[in-house]
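S.K.: Input: one structure, supplied below.
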Amino acid sequence: EFTRITTVPLLSTFMRSLDQYSNQLMKILRKKGGETARQITAALSAISQSSRIEVKRECILKAVIIYLNENPENLIKEYMDCNVMEADELERMDLGVYKIIHEGAQPDDSLEDVGIIIERCTVLQDLHDVASGCALLFGLIYCLNLSYPKPLRYTFEFFQKVLMGLEDKKLSNK
57 EFTRITTVPL LSTFMRSLDQ YSNQLMKILR KKGGETARQI TAALSAISQS
107 SRIEVKRECI LKAVIIYLNE NPENLIKEYM DCNVMEADEL ERMDLGVYKI
157 IHEGAQPDDS LEDVGIIIER CTVLQDLHDV ASGCALLFGL IYCLNLSYPK
207 PLRYTFEFFQ KVLMGLEDKK LSNK
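The opening residue of the sequence shown carries number 57 in the working numbering; numbering runs sequentially from there.
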């Protein structure tokens, strides 16, 4: 549906742009200072522990969210497969991407599940990785004509204008 509306293939464009801009983004992200720099460094730490492109993409997305002064946990929620309390929290999630990992999992380990929740309903699950989940969530929001959530407004604007090349590339003042 996204491709029909925009004539842009969603997943391939999102991933290609993310991969294409990753080195430039890393340079920009590393220039940030203070507490934000510490958070960005923590978000990017898994890259050095894994050779998988999926891990690199997820880390860069989280770091970009932090760079935009937004909280990556508002978009990407991480849960352990053995924690029942976290399962209850998952059911209360309004919108976002969730990933379920094994207890004691390393960054190189495969994920138990990745899915998308919109208005407390799981709309997609068994996705390949978090970056795909973010791209598909963006596509769903765009196709369903939903407003971007306020705590992630700049993140979704980045997805739309920079990664997907929709509309002009001029971002809001931030």
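Where is the CB? At the ideal position from N, CA and C, for every residue including glycine. Source: prediction; values computed, not measured.
1) Any idea what DSSP makes of Leu-219, helix, strand or coil?
2) On the DSSP bridge assignment, give the partners of Leu-183 in chain order.
3) With a threshold of 8 Å, are at least 3 pairs of Cβ atoms found where one atom belongs to the region 104-117 and the other to the region 74-90?
4) Which same chain residues end up closer than 7 Å to Ile-122 when comparing Cβ atoms and leaving out the 5 residues on each side of it in sequence?
5) Touching or not, the region 63-77 and the region 185-192, by the rule of three or more beta carbon pairs under 8 Å?
6) Terminal residues of the continuous alpha helix (DSSP H) containing Tyr-123?
7) Using three-state DSSP, classify Met-136 as helix, strand or coil.
8) Measuring only the C-alpha atoms, how far is Ile-61 from Leu-222?
9) Taking only three categories from DSSP, how would you classify Asp-75?
10) Tell me the DSSP secondary structure of Tyr-154 in three-state form.
11) Using the three-state DSSP reduction, which class does Thr-63 fall into: helix, strand or coil?
12) At what residues does the beta strand (DSSP E) containing Gly-171 begin and finish?
13) Give me the Cα-Cα distance between Thr-178 and Ala-191, rounded to the nearest whole angstrom.
14) For His-158 and Asp-169, I'd like the C-alpha separation in whole angstroms.
M.R.: From the atom records:
1) For this step, residue 219 is matched to residue 163 along the sequence shown. Three-state result, Leu-219: helix.
2) One-based indexing of the sequence shown puts residue 183 at position 127. DSSP lists no partner for Leu-183.
3) yes
4) As a first step, residue 122 is located in the sequence shown; it is residue number 66 there, counting from the start. Taken in chain order, the residues that qualify are Thr-92, Gln-95, Ile-96, Ala-99 and Pro-128.
5) yes
6) Along the sequence shown, one-based indexing puts residue 123 at 67. Unbroken alpha helix (DSSP H) run through Tyr-123: 109-123.
7) Stepping through the sequence shown from its first residue, residue 136 is reached at position 80. Three-state result, Met-136: strand.
8) Position 5 of the sequence shown, counted from the first residue, corresponds to residue 61. Position 166 of the sequence shown, counted from the first residue, corresponds to residue 222. Roughly 11 Å between the two C-alpha positions.
9) For this step, residue 75 is matched to residue 19 along the sequence shown. Helix.
10) The residue labelled residue 154 in the question sits at position 98 within the sequence shown. The answer is strand: DSSP assigns Tyr-154 an E or B state.
11) Locating residue 63 in the sequence shown gives position 7, counting from the first residue. DSSP places Thr-63 in coil when its eight states are reduced to three.
12) Counting from 1 along the sequence shown, the entry for residue 171 is found at position 115. Counting along the chain, the beta strand (DSSP E) containing Gly-171 begins and ends at 169-174.
13) Position 122 of the sequence shown, counting from 1, holds the residue named residue 178. Position 135 of the sequence shown, counting from 1, holds the residue named residue 191. Cα-Cα distance, rounded: 16 Å.
14) By 1-based counting over the sequence shown, the position of residue 158 is 102. By 1-based counting over the sequence shown, the position of residue 169 is 113. Approximately 10 Å between the Cα atoms of the pair.
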